[in-house]
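Trainee: In the working numbering, the protein residues as written are 80 to 818.
Ideal Cβ placement from N, Cα and C applies to all residues, glycine included.
Next up is a structure, given as structure tokens.
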Amino acid sequence: MSNIEAMALREFPKTFAKSVLRRDLLDKIESIPSGTILICSMAGYGKSTLLSQLALRNQPVAVCLLDHTDNDLYSFLEHLSAAIQRSVTQGEIDSGDRASTLLLRICRAALANRMTLIFDNCQVITDGEVCRALQFLVAEAEKGFRVVMGSRILPGFAARFILEGRCRLLGRDDLALSEKETGQLVRMHLNVDNRQLAKSLHDFTGGWAAGVTFCLRGRKFMAEKLPAWEDIVDIGLLKKYITFEIFTDLPEQVVKFAQRASIIDSLTVDVCDTILETGDSGECLNFLAENGIFLQECPGEPKAFRWIAIFRKAMSELLAAPEKTVIAERALEHYLRRKMHLEAIDFALNNGKPDLICRALSLCGERLLEEKQFEILGSCARVLEKSGEKLDAFIYGILAQYYYVIGDYAKMDYNFNMADSMFGKENTYSIQRSLYRGLLRYETDPPKYLKMINNVLFYLSEYNLKLPFLLPREQKVLEKIKSRTSADGKASNRKPLRVKQFGAFKVIVVEDGYEVSWRTKKGGELLAYLISLNGKSVERSHLFDVIWPDELPNNPVAMLHNMIYNIRKELSAYKLEKLIQYKNKGYSIDMSLVDCDGEIVSHVCSAIARKDMDTLLENEVIFLKYWGEYLENITGLWAVERKEYYDKMFVNGSQLLAAFYYDNGIYEKALAFLQNAQKIDIFSERIMEKILNCYSKLGKFDKLRLKYEEFCDLLAGELDIQPSADLQSAYQRSMQRKV
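What follows is the structure, encoded as structure tokens:
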């Protein structure tokens, strides 16, 4: 049980001043002229109020409000005999008699006067002799008087009589207020007739009378407006009520289970055992279900239960925050592991945990957009907007697309701007923002926005990215643009050839995407070398040394001419045969015809050499993934030397960017660049040490340890060495930062 400040509730009134007359229940009890009725439910369902109303309608009646002193047989019988003598004058009972004689005299007096004996708080009776005395009264009542008992849990002494049909049981479902009765309470407290409010309160409380009264007593809302949960319940008082009036009747094991399970939406034995990492869920669920405490059965789901809303909220408030967080994370993981994405989002929303909402959205946010689950996305957006939770770029991107759907373009721009700010000049989110802007404004200035949209489509194609979510009207605009672009392709100002130097060397005709081919590998190497000179002229003799560094063929001039001829012929179908030029005894490439991916890389490499961070930051997008091995399908020595140079530049540039973001406290981005660098220089202890520092700063010590162990295995397996003493020390320092 949670530690909360003690507050004695013994004086809490068992019969509220404003209570509903339970006519139907009273009629049901009075329809049984003799025998026993057991009214059983946890505190707050109006047992004592019902028994008081019964006492007022029946004469003669003897009322015993039991407490722990009645766990002595003589005290119990004296208590009961005094109650009977206050009700009837005939059949005087001598309290000096032996217990058995006294019990018989009590039964005779009850029978002679056809009395109703009312016992409240039967859950306090644990003494064996008193339990047997009550069993005797139950059996004797069948002869012509009535016994009505109220209890918060099912008393063991009554179980046999219930099973044999000799004791009528009125449980939680019988005692729960109906919607109509809830409406009567609303009318009593607010002096208005509001059926919508009555239904809302009934659904929220499950007809728990005390809960309805808790909601109405504060008068913190207008009767004509449905309030939020926080506005209608005094959470502090409700927690104390549950702690002192309900938990005290439950086994400690059940109390602990109920508090921890309050995090879970739908309760089954398997789900509770898995999430709570326990083995007693079945026993605890059975106890709560059999006694009608806190739970209701899930319609159509056998052996599955759900919380009555008011109890779940209060119970979770009683759970210590650290434990609540752990259980909530386990529950979310349970849903996500089973690909129950909608359930995961619902769970995160119901628990009002922004971090859990972010975690769920990171895995299923795109799917929610595809399935057009805009209502759920809206709920997530509202919670996150109010929470102040730190969001990553992906979540901002999902929210931006949601705001686009609902037409809130200001918030769309805001979320795209936040995502964009975490990257360089151009990235997925700046591109998506441009696409939306272009499509939404296209009709106002088609030439301007056509260029913007074509740039976006080119970027998405280059990085193999899919379009963001588009509504039908923007889809139509996009199809219109694609048709126009296709028709106007020949009039484009783009260079007619696109050359790919990083990765496999390729020359592509922009007009139709045709990939230029060459008959021999040497022909491809020749073209790659000429393009690498960026328009500079080279003499034929130098070409011989480059193409055939080891030994010249028998007729190198003829072979060179044939290679150039075949390339020009290949290009002549597109009127591009003048790509390779020959002037002043030298060969060169007309670079006005070529759009080469090496240009930006060369520009960046110069910035790396100068450590020009402004230029690097402007172009950091090209470091988001390895730009590819330089001319990977060209094996010439000149190409191998440049491969090593560009790989070294990629590693150095990635480290410079990582150092910048590390120094500015943006450790996630620093880590991303370091991981890219490590893909190229896999044995670098310097890079490994920086990666460990990033994980340490981020508090990801499990990943830190795993990454270090993987690096150790790599060194041992590939080089048969151990990490240096410096790296081992760095690892120990990083782990020591763990709190």
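Under DSSP, the alpha helix (DSSP H) around D760 begins and ends at which residues?
Mentor: Looking at the DSSP string, D760 is not in any alpha helix (DSSP H), and its letter there is neither H nor E.
Trainee: Can you determine whether any heavy atom of the ligand ZN sits closer than 8 Å to the C-beta of D499, and answer yes or no?
Mentor: The ligand ZN is not among the ligands present in this structure, which contains no ligands whatsoever.
Trainee: Tell me which residues share the same chain as G486 and place their Cβ nearer than 6 Å to its Cβ, disregarding the 5 neighbours each side in the sequence.
Mentor: No residues qualify anywhere along the chain.
Trainee: Please classify Q554: is it buried, with 16 or more other beta-carbons within 10 angstroms of its beta-carbon, or exposed?
Mentor: Burial call: exposed.
Trainee: Identify whether M767 lies in helix, strand or coil by the three-state DSSP scheme.
Mentor: Here M767 sits in helix by DSSP.
Trainee: Would you call the region 581-599 and the region 685-694 touching, i.e. three or more CB-CB distances under 8 Å?
Mentor: In short, these stretches do not touch, since the Cβ pair count stays below three.
Trainee: Alpha carbon to alpha carbon, how far is L280 from G286?
Mentor: Their backbone Cα atoms lie some 8 Å apart in a straight line.
Trainee: Using the DSSP secondary-structure output, state which residues sit across from G114 in a beta bridge.
Mentor: Its beta-bridge partners are R225.
Trainee: How big is the Cα-Cα spacing for E618 and W717?
Mentor: Roughly 16 Å separates the two Cα atoms.
Trainee: Report the residue from E376, F155, R512, V484 whose alpha carbon sits nearest the alpha carbon of L496.
Mentor: One detail in the question is off: residue 496 reads as Asn in this sequence, not Leu. Out of E376, F155, R512, V484, R512 has the C-alpha closest to the C-alpha of N496.
Trainee: Provide the residue(s) that pair with F198 in DSSP beta bridges, ordered along the chain.
Mentor: C143, M228, per the DSSP bridge assignment.
Trainee: In chain order, what residues of the same chain lie with their CB nearer than 6 Å to the CB of F584, ignoring the 5 residues before and after it?
Mentor: Around F584: A607, L710, N712, I713.
Trainee: Please name the residue or residues paired with W386 in a DSSP beta bridge.
Mentor: Its beta-bridge partners are L374.
Trainee: On the DSSP letters alone, give me the boundaries of the beta strand (DSSP E) that L576 sits inside.
Mentor: Start and end: 576-579.
Trainee: Bridge partners of C791, per DSSP?
Mentor: Note: C791 sits in no beta bridge, so no partner.
Trainee: Leaving out five residues before and five after F240 in sequence, what residues of the same chain have Cβ atoms less than 7 Å from its Cβ?
Mentor: Excluding residues within five positions, the ones whose Cβ falls inside 7 Å are T115, V217, C246.
Trainee: Let me make sure I understand the geometry here. Which of E699, V680, C201, S611 has the alpha-carbon closest to that of A504?
Mentor: According to the sequence displayed, residue 504 carries Lys and not Ala. Out of E699, V680, C201, S611, E699 has the C-alpha closest to the C-alpha of K504.
Trainee: Pull up the distance between the alpha-carbon of L183 and that of N270, whole angstroms please.
Mentor: The straight-line gap from Cα to Cα measures roughly 51 Å.
Trainee: Hey, F390 and F366: beta-carbon distance below 9 Å or not?
Mentor: Taking 9 Å as the Cβ cut-off, F390 and F366 do not qualify as a contacting pair.
Trainee: Answer yes or no: do L117 and C201 have a C-beta to C-beta separation smaller than 9 Å?
Mentor: In this structure, C201 lies closer than 9 Å to L117 by Cβ.
Trainee: Specify the secondary structure class of R211 as computed by DSSP and reduced to three states.
Mentor: It is helical.
Trainee: Taking 9 Å as the threshold (C-beta atoms), are V595 and C675 in contact?
Mentor: No, these two residues do not count as a Cβ contact at 9 Å.
Trainee: If we count the other Cβ atoms within 10 Å of its Cβ and call it buried at 16 or more, is D252 buried or exposed?
Mentor: Per the 10 Å Cβ criterion, exposed.
Trainee: If E468 sits next to C437, beta carbons under 8 Å apart, how far is it from one beta carbon to the other, in whole angstroms?
Mentor: About 6 Å; that satisfies the 8 Å criterion.
Trainee: Please classify P234 as buried or exposed, where buried requires at least 16 neighbouring CB atoms within 10 angstroms.
Mentor: So P234 counts as buried.
Trainee: Just to check my reading of the structure: I197 and A134 have Cβ atoms closer than 8 Å, yes? What is that Cβ distance to the nearest angstrom?
Mentor: Correct: roughly 6 Å between the Cβ atoms.
Trainee: Bridge partners of L249, per DSSP?
Mentor: Per DSSP, I118.
Trainee: For A212, count the other beta carbons within 10 Å of its own beta carbon; 16 or more makes it buried, fewer makes it exposed. Which is it?
Mentor: Classification of A212: buried, given that the 10 Å Cβ count is 16 or more.
Trainee: With DSSP run on the structure shown, which of helix, strand or coil describes E594?
Mentor: Residue state, collapsed to three classes: strand.
Trainee: Beta-carbon within less than 7 Å of A665's beta-carbon, same chain only, minus the 5 sequence neighbours each way: which residues are those?
Mentor: Note that residue 665 corresponds to Gly in the displayed sequence, not to Ala. Same-chain partners within the cutoff: S616, V617, E618.
Trainee: In its own chain, which residues sit with a C-beta less than 6 Å from the C-beta of P92, not counting the 5 before and 5 after it?
Mentor: With a pLDDT of only 42 at P92, under 50, the local geometry of the prediction cannot be trusted, and the value read off the model is given with reservation. Cβ neighbours of P92 beyond the five flanking positions: none.
Trainee: Relative to the C-alpha of R136, which residue among V167, L156, Q164, R101 is closest?
Mentor: Residue R101 is the option with its Cα nearest to R136.
Trainee: Helix or strand or just coil, what does DSSP make of K465?
Mentor: If DSSP states are grouped into helix, strand and coil, K465 belongs with the helices.
Trainee: Between the Cα of Y721 and those of E450, V226, F581, spot the shortest distance and give me the residue it belongs to.
Mentor: Note that residue 721 corresponds to Arg in the displayed sequence, not to Tyr. For R721, the nearest C-alpha among the options comes from F581.
Trainee: Roughly how many whole angstroms lie between the Cα atoms of Q807 and N731?
Mentor: Answer to the nearest angstrom: the Cα atoms are 23 Å apart.
Trainee: Are the CB atoms of R296 and D313 nearer to each other than 9 Å?
Mentor: For R296 and D313, yes; Cβs fall inside 9 Å.
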